[in-house]
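Q: Chains F and S are the protein sequences, given in the same order. full-length UniProt numbering applies: residue 1 is where the first sequence begins, and numbers increase by one. full-length UniProt numbering applies: residue 1 is where the second sequence begins, and numbers increase by one. We put the CB at the ideal spot given by N, CA and C, even for glycine. Sharing a structure, written as structure tokens. Questions coming.
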Amino acid sequence: MERVMKDDTIQEKGERARMASFVGAMAIADLVKTTLGPKGMDKILQSTGRGRSVTVTNDGATILKSLHIDNPAAKVLVDISKVQDDEVGDGTTSVVVLAGELLREAEKLVNMKIHPMTIIAGYRMAAECARNALLQRTMDNKGNTDKFRSDLMNIAMTTLSSKILSQDKEYFAELAVDAVLRLKGSTNLESIQILKKPGGSLKDSFLDEGFILDKKIGLGQPKRIENANILVANTAMDTDKVKIYGARVRVDSMTKVADIEAAEKQKMREKVQKIIAHGINCFVNRQLIYNFPEELFADAGILAVEHADFEGIERLALVTGGDIASTFDNPESVKLGHCKLIEEIMIGEDRLIHFSGVAMGQACTIVLRGASEHVLDEAERSLHDALCVLSQTVNDTRVLFGGGWPEMVMAKEVDQLARKTPGKKSHAIDAFSRALQAIPTIIADNAGLDSAELISQLRAEHHKENSTAGIDVITGNVGDMQKRGICEAFKVKQAIILSATEAAEMILRVDEIITCAPRRREDRM
Amino acid sequence: MAAVAAAPSRKTETYTDTKRRDDVRGANISSARSVADAVRTSLGPRGMDKMISSGDGDVIITNDGATILSRMSLLQPAARMLAELSRSQDAAAGDGTTTVVVLAGSLLRRAQSLLAAGAHPTAAADSLHRLAARAVEVLHGMAIPIELSDRDSLVKSASTALNSKVVSQYSSLLAPLAVDAALSVVDPAHPDLLDLRDIRIIKKLGGTVDDTELVRGLIFDKKASHAAGGPSRIENAKIAVIQFQVSPPKTDIEQSVIVSDYAQMDRILREERNYILGMVKKIKASGCNVLLIQKSILRDAVTDLSLHYLAKAKILVVKDVERDEIEFITKTLNCLPIANIEHFREDKLGYADVVEEVSVGDGKIVKIIGIKDMGRTATVLVRGSNQLVIDEADRSLHDALCVIRCLVNKRFLIAGGGAPEIEMSMQLAAWAKELHGMESYCIKEFADALEVIPYTLAENAGLNPIAIVTELRNRHAKGEKNTGINVRKGQITNILEENVVQPLLVSTSAISLACECVRMILKIDDIVTVR
Numbered sequence: 001m002e003r004v005m006k007d008d009t010i011q012e013k014g015e016r017a018r019m020a021s022f023v024g025a026m027a028i029a030d031l032v033k034t035t036l037g038p039k040g041m042d043k044i045l046q047s048t049g050r051g052r053s054v055t056v057t058n059d060g061a062t063i064l065k066s067l068h069i070d071n072p073a074a075k076v077l078v079d080i081s082k083v084q085d086d087e088v089g090d091g092t093t094s095v096v097v098l099a100g101e102l103l104r105e106a107e108k109l110v111n112m113k114i115h116p117m118t119i120i121a122g123y124r125m126a127a128e129c130a131r132n133a134l135l136q137r138t139m140d141n142k143g144n145t146d147k148f149r150s151d152l153m154n155i156a157m158t159t160l161s162s163k164i165l166s167q168d169k170e171y172f173a174e175l176a177v178d179a180v181l182r183l184k185g186s187t188n189l190e191s192i193q194i195l196k197k198p199g200g201s202l203k204d205s206f207l208d209e210g211f212i213l214d215k216k217i218g219l220g221q222p223k224r225i226e227n228a229n230i231l232v233a234n235t236a237m238d239t240d241k242v243k244i245y246g247a248r249v250r251v252d253s254m255t256k257v258a259d260i261e262a263a264e265k266q267k268m269r270e271k272v273q274k275i276i277a278h279g280i281n282c283f284v285n286r287q288l289i290y291n292f293p294e295e296l297f298a299d300a301g302i303l304a305v306e307h308a309d310f311e312g313i314e315r316l317a318l319v320t321g322g323d324i325a326s327t328f329d330n331p332e333s334v335k336l337g338h339c340k341l342i343e344e345i346m347i348g349e350d351r352l353i354h355f356s357g358v359a360m361g362q363a364c365t366i367v368l369r370g371a372s373e374h375v376l377d378e379a380e381r382s383l384h385d386a387l388c389v390l391s392q393t394v395n396d397t398r399v400l401f402g403g404g405w406p407e408m409v410m411a412k413e414v415d416q417l418a419r420k421t422p423g424k425k426s427h428a429i430d431a432f433s434r435a436l437q438a439i440p441t442i443i444a445d446n447a448g449l450d451s452a453e454l455i456s457q458l459r460a461e462h463h464k465e466n467s468t469a470g471i472d473v474i475t476g477n478v479g480d481m482q483k484r485g486i487c488e489a490f491k492v493k494q495a496i497i498l499s500a501t502e503a504a505e506m507i508l509r510v511d512e513i514i515t516c517a518p519r520r521r522e523d524r525m
Numbered sequence: 001m002a003a004v005a006a007a008p009s010r011k012t013e014t015y016t017d018t019k020r021r022d023d024v025r026g027a028n029i030s031s032a033r034s035v036a037d038a039v040r041t042s043l044g045p046r047g048m049d050k051m052i053s054s055g056d057g058d059v060i061i062t063n064d065g066a067t068i069l070s071r072m073s074l075l076q077p078a079a080r081m082l083a084e085l086s087r088s089q090d091a092a093a094g095d096g097t098t099t100v101v102v103l104a105g106s107l108l109r110r111a112q113s114l115l116a117a118g119a120h121p122t123a124a125a126d127s128l129h130r131l132a133a134r135a136v137e138v139l140h141g142m143a144i145p146i147e148l149s150d151r152d153s154l155v156k157s158a159s160t161a162l163n164s165k166v167v168s169q170y171s172s173l174l175a176p177l178a179v180d181a182a183l184s185v186v187d188p189a190h191p192d193l194l195d196l197r198d199i200r201i202i203k204k205l206g207g208t209v210d211d212t213e214l215v216r217g218l219i220f221d222k223k224a225s226h227a228a229g230g231p232s233r234i235e236n237a238k239i240a241v242i243q244f245q246v247s248p249p250k251t252d253i254e255q256s257v258i259v260s261d262y263a264q265m266d267r268i269l270r271e272e273r274n275y276i277l278g279m280v281k282k283i284k285a286s287g288c289n290v291l292l293i294q295k296s297i298l299r300d301a302v303t304d305l306s307l308h309y310l311a312k313a314k315i316l317v318v319k320d321v322e323r324d325e326i327e328f329i330t331k332t333l334n335c336l337p338i339a340n341i342e343h344f345r346e347d348k349l350g351y352a353d354v355v356e357e358v359s360v361g362d363g364k365i366v367k368i369i370g371i372k373d374m375g376r377t378a379t380v381l382v383r384g385s386n387q388l389v390i391d392e393a394d395r396s397l398h399d400a401l402c403v404i405r406c407l408v409n410k411r412f413l414i415a416g417g418g419a420p421e422i423e424m425s426m427q428l429a430a431w432a433k434e435l436h437g438m439e440s441y442c443i444k445e446f447a448d449a450l451e452v453i454p455y456t457l458a459e460n461a462g463l464n465p466i467a468i469v470t471e472l473r474n475r476h477a478k479g480e481k482n483t484g485i486n487v488r489k490g491q492i493t494n495i496l497e498e499n500v501v502q503p504l505l506v507s508t509s510a511i512s513l514a515c516e517c518v519r520m521i522l523k524i525d526d527i528v529t530v531r
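So, in structure tokens, the structure goes:
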């Protein structure tokens, strides 16, 4: 037979290809499954790179992002988790687990000789029906500010309860809600700065209005400025060099060398004077400020900060409403930043610069404190999730209960749809409902509860109209989610259902995997 | 049929899964425990030291838990978490770095048996959280408030920290020294802040630890420049900290001086001399007689020629001052750095009674004392007969300073000698009886785990640990809250009367950090290798 493809190209077809994708996707889902829910477990991520750095995390997106993956179907799942992270920020584990469960059910159906396309059609109908079921049961407290705030608090607490911050969730939920409400509806999380400072405990974290820059104030300069005019710049403060390669000056005496040096100093002095002429009393530069200009600024009573990092100055420019300047010839065209007060503060052991009363009122800083870097990193990830969800909820104010409640509501509707639908599709719809129920099952299993017992109780509860029952992991019983205040954002749930279904569909359609021959490297070591 | 076949297969799958997870957890716990066991013997005043020889042949002798753990090259992730735990304790309290690791090890041992008995890891982790909160309450109940003016109590707690170190025989000298150094930098405007960066420790070989002193002024571990016979002692010094260079000019742009005949060369040499002389004159004109010159990488900070002129002008020169030291120096001298000769003005100078070069051991140092309006800083000169002793003295002094810092932050003392641990253990065990279910069981176990501290203290001191711990329990049950192990006498006494006290912050942070770390290890069920 003639060869169609190159050497080393691997081709898998039909059943084998489908098996390979099922197995890969389910392996990924099983890996992150145990992190689901308030009593989910953490994973150690051990890097094979230099330093063998260790991360301890419970965040699905973080785990999946760092995996070595060789299976194409598994990659699809990693991708949907990434999309979920970008879009809504939370539910990154749930989406993968649900997709995994859908595929697990699909595998059984395929074994029963049901065509993948039929399964896909059934899944689509079921997903649509599930979404509508949720839509009918959403609560919207948009008009009522107090109630809306308590909704947000509940959502934040539910999100945080599965994270490292769970022990202090009320405190952090308060922090996150305050920060997000300051944004006034914008989903731009850029203006919320998260600053990590080791030391103290998580409870010592706080929300600060304004901006904190982790830098030092130059020597001999004022440590406190009121009504500051800030110039944010990215300019060289050593010398303005001639940038032509090989340029050099020839002189014939020492005095002339001294003159050139003096001229250079003079040039610097003029530059500093131009900067001062902007009428500023605070100068923040991204590059180093050398001793000489530093002293000039000190003499002029200007607070100068050197070597602020890129992110630092961009954010500072954003929140103080200034431009980042690099030439200083036209003072009138440069927009200065303003803030009411600049002062040096101490957090733990370190001195930082605090800008308060900044022009952009939405801006705020969350200072995280914690015992170690591990704790801080994980806390930042958790808080970021909460902030994402909250900022989404501010725009889409529809809210659902949590604790497996939405899954059971959907499962019930989908079950009814299955009964009404004639033909093979109904098997697929049935399977969809089973996959949905797997999520509360896993949450219960992770908490070491008797899942079979709990889920059947829950299903019985949901047979009644308008039930608010869900799993209360803390007491280990079926409980009223409304009373427990366990809430989730509608947008997150919707995204989970839709993207998990789509991913499952995509993997189901596959009937051939072609692994291209790796490009050969000529001189391997 | 397929569904029926699938159901049992899924069951077995979950089964094997949990088995693997238990294995990971077991492996984590046992490697973390072995780390804890390694440092256990160095706990307490009679604890032993460890000799660590690093890959490149360096040898360190220490019994500071944080140092030992940071030098061990650990690979296993959970073991590394314990090393980090000890580092966190070092950052939070500065002392108790061994205690925290030993505590975590003991808690892990109990956790292992709890898991074997069928407890769910999260149940154990949650009860540990409640236990930590409660334990801190118990500790607060035992605490004794203290005033910063009460120097005796401060000295007592500093000496408790020092007693377990190699330099313990010098604790009567080092403890008051640490207290004085710390108190001299506390700013009355911010009475609860103590920035240890305001205390500089300078190590100098030679002499014994007895010769360690607190200097009210500034010390440079450098010679004054003698290239041209400059002065080595100046009274009524006017000190300038300069950031420019006293050397022939150099431009930022590349330059070359072209000499075409002999006469020109002569002229250039003369010009160079005049240039430097001009600078020196300007310096002299301001009345300055001590010059501290910042190190420069771009060009020579001083040349032989400029040193010569400066010596002629009777100016004492200390060169190669690091840039990051400038802030400390200017703060101490209460002066401003000068970055350009044009800005050399008298109001930027600092004043001191005496600046002199003193020989210390095999080297020389420059001392500045009697500084006018001295900033709130302190310098400690540590001496010792060999490098190992000096390093250990430095570490011990750091611990003692941290103890004082804890007291400044949180003004409570607590008894030492295992008393707080026994008290916690007893009160928590009593509390466990009021609880129900798994929580009660877990807390009972963990409460017992706290006894490891007095047990190890007794063991390391060569006492009978069982007899000591039971006796301690007995005395605490009678309500004698402050009885602890008196290692020196080898018996149980009221530990407060023996002046063995430590800051409350050390104990509270040890228990809460240890619990947090153990919780984290318990919650891990898998190790994933990633990029």
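Quick one: which residues of the segment 268 to 284 of chain S get their C-beta closer than 7 Å to a C-beta of chain F? List them in chain order.
A: I268, E271, E272, Y275
Q: Just to make sure I have the definition right: I need the residues of chain S whose C-beta is within less than 7 Å of the C-beta of S162 (chain F). Which are they?
A: Position 162 of the first sequence, counting from 1, holds the residue named residue 162 (chain F). Neighbours of S162 (chain F) on chain S: none; closest Cβ ~11 Å, over 7 Å.
Q: How would you list, in chain order, the residues of chain S whose beta-carbon sits under 7 Å from the beta-carbon of V367 (chain F)?
A: As a working mapping, residue 367 (chain F) is identified with position 367 in the first sequence. Going along chain S, no residue has its Cβ under 7 Å from V367 (chain F), so there is no contact; the nearest lies around 16 Å.
Q: Report buried or exposed for A262 (chain F), applying the criterion of at least 16 other Cβ atoms within 10 angstroms of its Cβ.
A: If you number the first sequence from 1, residue 262 (chain F) lands on position 262. Under this definition A262 (chain F) is an exposed residue.
Q: Along chain F, which residues have their Cβ under 7 Å away from the Cβ of Q264 (chain S)?
A: Reading the second sequence from its first residue, position 264 is the one you call residue 264 (chain S). Within chain F, the residues near Q264 (chain S) are D252.
Q: The alpha helix (DSSP H) that contains L290 (chain F), what's its start and end?
A: On the first sequence, position 290 is the one that residue 290 (chain F) refers to. Going by the sequence as given, residue 290 (chain F) is Tyr instead of Leu. Secondary structure note for Y290 (chain F): it is in no alpha helix (DSSP H), with a DSSP letter that is neither H nor E.
Q: Is the CB of residue 550 (chain S) under 8 Å away from at least one CB in chain F?
A: One cannot answer for residue 550 (chain S) here, as it falls past the ends of chain S, which runs 1 to 531.
Q: Hey, I313 (chain F) and I302 (chain F): beta-carbon distance below 8 Å or not?
A: The residue given as residue 313 (chain F) occupies position 313 in the first sequence. The residue given as residue 302 (chain F) occupies position 302 in the first sequence. The answer is no: Cβ separation not under 8 Å.
Q: Below 8 Å, how does it come out for the segment 125 to 141 of chain S and the segment 440 to 450 of chain S: are there three or more Cβ pairs, yes or no?
A: yes
Q: Using the Cα positions of S186 (chain F) and Q392 (chain F), report the straight-line distance between them to the nearest angstrom.
A: Translated into positions along the first sequence, residue 186 (chain F) becomes position 186. Translated into positions along the first sequence, residue 392 (chain F) becomes position 392. Answer to the nearest angstrom: the Cα atoms are 9 Å apart.
Q: Which one of F:L103, F:A233, F:D350, F:K412 has the shortest CA to CA distance from H462 (chain F)?
A: Sequence index remark: in the first sequence, residue 462 (chain F) carries index 462 (1-based). Of the candidates F:L103, F:A233, F:D350, F:K412, the one whose C-alpha sits nearest the C-alpha of H462 (chain F) is F:K412.
Q: Alpha carbons only, please: which of F:N188, F:I497, F:V510, F:T48 is nearest the one belonging to I527 (chain S)?
A: Counting from 1 along the second sequence, the entry for residue 527 (chain S) is found at position 527. In terms of Cα proximity to I527 (chain S), the closest of F:N188, F:I497, F:V510, F:T48 is F:T48.
Q: Starting from Q167 (chain F), find everything on chain S with Cβ-Cβ shorter than 8 Å and list it in chain order.
A: Counting from one through the first sequence, the residue named residue 167 (chain F) turns up at place 167. Under the 8 Å cutoff, chain S gives H129.
Q: Can you find the residues in the same chain that come closer than 8 Å, C-beta to C-beta, to M1 (chain S), ignoring five residues on each side of it along the sequence?
A: The sequence position of residue 1 (chain S) within the second sequence is 1, counting from 1. Caution applies to M1 (chain S), whose pLDDT of 36 falls short of 50 and renders its modelled position unreliable; the model cannot decide the point.
Q: Take D7 (chain F) and list the residues in its own chain whose beta-carbon comes closer than 7 Å to its own, dropping the five residues that flank it on each side.
A: To locate residue 7 (chain F), count along the first sequence from 1; it is residue 7. Cβ within range, chain order: A517.
Q: Using beta-carbon positions only, say whether A161 (chain S) and D90 (chain S) come within less than 8 Å of one another.
A: For the purposes of this step, residue 161 (chain S) is taken as the residue at position 161 of the second sequence. For the purposes of this step, residue 90 (chain S) is taken as the residue at position 90 of the second sequence. No.
Q: Just list the residues that DSSP pairs Y351 (chain S) with in beta bridges.
A: Counting from 1 along the second sequence, the entry for residue 351 (chain S) is found at position 351. Y351 (chain S) pairs with S:K238.
Q: Taking only beta carbons into account, state which residues of the segment 42 to 74 of chain F come closer than 9 Å to chain S, listed in chain order.
A: D42, K43, I44, L45, Q46, S47, T48, G49, R52, V54, T55, V56, N58, I63, K65, S66, L67, H68
Q: Closer than 7 Å by C-beta to Q46 (chain F): which residues in its own chain qualify, once you throw out the five before and the five after it? Chain order, please.
A: The residue labelled residue 46 (chain F) in the question sits at position 46 within the first sequence. R52, V54.
Q: With a Cβ-Cβ cutoff of 8 Å, do G217 (chain S) and I368 (chain S) count as a contact?
A: Your numbering for residue 217 (chain S) matches position 217 in the second sequence. Your numbering for residue 368 (chain S) matches position 368 in the second sequence. Yes.
Q: Closest Cβ-Cβ distance between M198 (chain F) and chain S: below 8 Å?
A: The sequence position of residue 198 (chain F) within the first sequence is 198, counting from 1. Note that residue 198 (chain F) is Pro in the sequence shown here, rather than Met. Interface residue, yes.
Q: I need the DSSP call for C516 (chain F), collapsed to helix, strand or coil.
A: As a first step, residue 516 (chain F) must be located in the first sequence, where it is residue number 516. Per DSSP, reduced to three states, the secondary structure at C516 (chain F) is coil, with no helix or strand assignment.
Q: List the residues of chain F that S88 (chain S) touches, going by C-beta distances under 7 Å, in chain order.
A: One-based indexing of the second sequence puts residue 88 (chain S) at position 88. Chain order gives the chain F residues near S88 (chain S) as A371, S372, where near means a beta carbon separation below 7 Å.
Q: Could you spell out the range, first to last residue, of the alpha helix (DSSP H) harbouring N227 (chain F)?
A: In the first sequence, counting from the first residue as 1, residue 227 (chain F) sits at position 227. Note, N227 (chain F): premise wrong, no alpha helix (DSSP H); beta strand (DSSP E) at 224 to 233.
Q: Within 8 Å (strictly less), CB to CB, does V408 (chain S) reach chain F?
A: Taking the first residue of the second sequence as position 1, residue 408 (chain S) is located at position 408. No, because no Cβ of chain F sits closer than 8 Å to the Cβ of V408 (chain S).
Q: Return the CA-CA distance between residue 556 (chain F) and H427 (chain F), expressed in angstroms with no decimal places.
A: Beyond the ends of chain F as shown, which are 1 and 525, falls residue 556 (chain F); an answer cannot be given.
Q: Could you please give me the residues that DSSP links to T456 (chain S) through a beta bridge?
A: Taking the first residue of the second sequence as 1, we reach residue 456 (chain S) at position 456. DSSP lists no partner for T456 (chain S).
Q: Considering Cα atoms alone, identify which of S:Q387, S:A458, S:D391 is closest to A419 (chain S).
A: Taking the second sequence and counting its residues from 1, the one referred to as residue 419 (chain S) is at position 419. Selected option, being the one with the closest Cα: S:A458.
Q: Just list the residues that DSSP pairs K50 (chain S) with in beta bridges.
A: By one-based count along the second sequence, residue 50 (chain S) stands at place 50. According to DSSP, which records beta bridges pairwise, K50 (chain S) is partnered with S:T62.
Q: I'd like to know whether the C-beta of L454 (chain F) is nearer than 8 Å to at least one C-beta of chain S.
A: Indexing the first sequence from 1 puts residue 454 (chain F) at position 454. Judged by the 8 Å Cβ criterion, L454 (chain F) is not in contact with chain S.
Q: State the beta-bridge partners of R250 (chain F) as determined by DSSP.
A: Numbered from 1 along the first sequence, position 250 holds the residue referred to as residue 250 (chain F). According to DSSP, which records beta bridges pairwise, R250 (chain F) is partnered with S:S256.
Q: If you measure beta-carbon to beta-carbon, which residues of the segment 389 to 400 of chain F are closer than 7 Å to chain S?
A: none
Q: In whole angstroms, give me the CA-to-CA distance for residue 540 (chain S) and V241 (chain S).
A: For residue 540 (chain S) there is no data in the structure shown, the boundaries of chain S being 1 and 531.
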